[in-house]
Amino acid sequence: MSDERWIWGVGLATVAGDGTVLDTWFPEPQHGHIPLGLDPALPPENLEQLAVPDPRRAVTVETVTIEIDLDAAPTSTSDAYLRLHALSHRLVAPNEVDLTGIFAHLPNVAWTNAGPMHPDDLTRLRPLLVRDGIQVQGLDKFPRLLDYVTPPGVRIADASRVRLGAYLSPGTTVMHEGFVNFNAGTQGTSMVEGRISQGVVVGDGSDIGGGSSIMGTLSGGGAHRVSIGARTLLGANAGIGISLGDDCVVEAGLYVTAGSKVVLADEPPRADGSRPAVKGAELSGRDGLLFRRNSLTGAIEAVRRLGVGVTLNEALHA
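Residues -6 to 311, numbered by the numbering used here, are exactly what the sequence shown covers, in order.
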């Protein structure tokens, strides 16, 4: 099997008093296998200096050296974290790594401004945490991307809105209300002011408008992975449950799902004056479409578009 389907790394694992591995930080994950002659018990000096207990959070920090097969399911917490790091370091693209059962290997963690800690220790240690200025920022299985990885060439206005495991290409801007989940992201310069759910990939030059939403596969149990092509605009407060091709526009406030009845407004009318309609799923992934709502009838319509789609502000995304 190609070394490109293997990732290895040396990291720091935070371990709670009951032995729960809370997280693992891998500063420089790489393709391939652990190099021959590398002693996993001897991590780089700079990491060794950080492998010390922190009684404030009732945790210890230990060094780990592991390698993983991207085509096999996760087997441990450190394994799961290395997969998330591989995505955020752009070593592997969304949907190209096996994440089967990852939730079982990610414990619920109290994320603080001093690092992770076990939620069961919060009440007991709260007076000491307050004294030391340590604040709880959330209770979740996934941490913030920027606490582990700083993707080059990217702007993120609110760190809490992007999870570790997000794949953000250079030139991407995630504004304050934008959100990017793990195993999701952008393939080029993009404006993100809406929600990019797990498994969703957005093409180069596309704009995800403020308050908009892209359906993922986690909540609904569906198998279809929604994607957005290049130079496509998802309007403010709009949403999709189907894929969009290149140079498409979804009108502001319009939600198009696989089961939506969409009138083909460019088609010749029938004898009764109506135009043919299809389910949204039949238009999934097609290029050059404008989805709009007819202001008189309320019907969702699809109209063919000519030419190039949206153009982003080059200075903003430089």
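Even for Gly, the Cβ is constructed at its ideal location relative to N, Cα and C.
Assuming residue i and residue j form a contact by the criterion Cβ under 8 Å, report the distance between their Cβ atoms to the nearest whole angstrom.
i: W(-1); j: E60; result: 6 Å
i: H26; j: L84; result: Actually they are not in contact, since the Cβ atoms of H26 and L84 sit about 14 Å apart, beyond 8 Å.
i: T182; j: G164; result: 3 Å
i: N176; j: N39; result: Rounded, the Cβ-Cβ distance is 29 Å, inconsistent with contact.
i: R148; j: V167; result: 7 Å
i: T7; j: P109; result: 5 Å
i: V301; j: D240; result: 6 Å
i: G281; j: R268; result: Not quite, the Cβ-Cβ distance comes to about 18 Å (not below 8 Å), so this is no contact.
Is residue i helix, strand or coil by DSSP?
i: R285; result: strand
i: A86; result: coil
i: D343; result: Any answer about residue 343 is impossible in this case: the structure gives the chain only from -6 up to 311.
i: G213; result: With a pLDDT of 47 at G213, under the threshold of 50, the modelled position of that residue is not reliable, and the figure given next carries that caveat. In this structure, G213 counts as coil in the three-state DSSP scheme.
i: G291; result: coil
i: D200; result: strand
i: F96; result: helix
i: W(-1); result: strand
i: V102; result: strand
i: A116; result: The amino acid at residue 116 is misidentified as Ala; the sequence shows Thr. Helix at T116.
i: A152; result: helix
i: R188; result: strand
i: G266; result: coil
i: R298; result: coil
i: V159; result: The question names Val, but residue 159 is Ala in the sequence shown. Note: A159 maps to strand in three-state DSSP.
i: A274; result: helix
i: L139; result: helix
i: D8; result: Reading the sequence as shown, one finds Val at residue 8 and not Asp. Of the three classes helix, strand and coil, the one that applies to V8 here is strand, per DSSP.
i: L121; result: helix
i: I235; result: coil
i: G108; result: strand
i: T304; result: coil
i: L226; result: strand
i: G126; result: coil
i: V147; result: coil
i: A177; result: strand
i: V219; result: coil
i: V193; result: coil
i: S205; result: coil
i: T166; result: strand
i: L247; result: coil
i: F172; result: strand
Does the Cβ-Cβ distance between residue i and residue j come in under 7 Å?
i: G238; j: G252; result: no
i: V54; j: A44; result: yes
i: F284; j: V256; result: no
i: A245; j: A258; result: no
i: V90; j: S71; result: no
i: P100; j: T179; result: no
i: R224; j: V303; result: yes
i: R286; j: L247; result: yes
i: A73; j: H98; result: yes
i: H82; j: P37; result: no
i: S206; j: R188; result: yes
i: S220; j: S277; result: no
i: G234; j: M208; result: yes
i: A152; j: H169; result: no
message: Extract the residue ranges of the alpha helix (DSSP H) inside the segment 12 to 86, only unbroken runs of 4 or more that lie entirely within it.
response: Complete alpha helix (DSSP H) runs here, min 4: 38 to 41 and 70 to 81.
Three or more C-beta pairs below 8 Å linking the segment 184 to 199 and the segment 111 to 124: In this structure the segment 184 to 199 does not lie against the segment 111 to 124, because fewer than three pairs of beta carbons, one per stretch, are closer than 8 Å.
message: Could you check whether the segment 154 to 174 touches the segment 123 to 131, counting it as contact only if at least three pairs of C-beta atoms, one from each stretch, sit closer than 8 Å?
response: Judged by Cβ distances under 8 Å, the segment 154 to 174 makes no contact with the segment 123 to 131, as fewer than three pairs qualify.
- prompt: Any contact of the segment 133 to 149 with the segment 157 to 177, i.e. 3+ C-beta pairs under 8 Å?
  reply: In short, these stretches touch, since the Cβ pair count reaches three.
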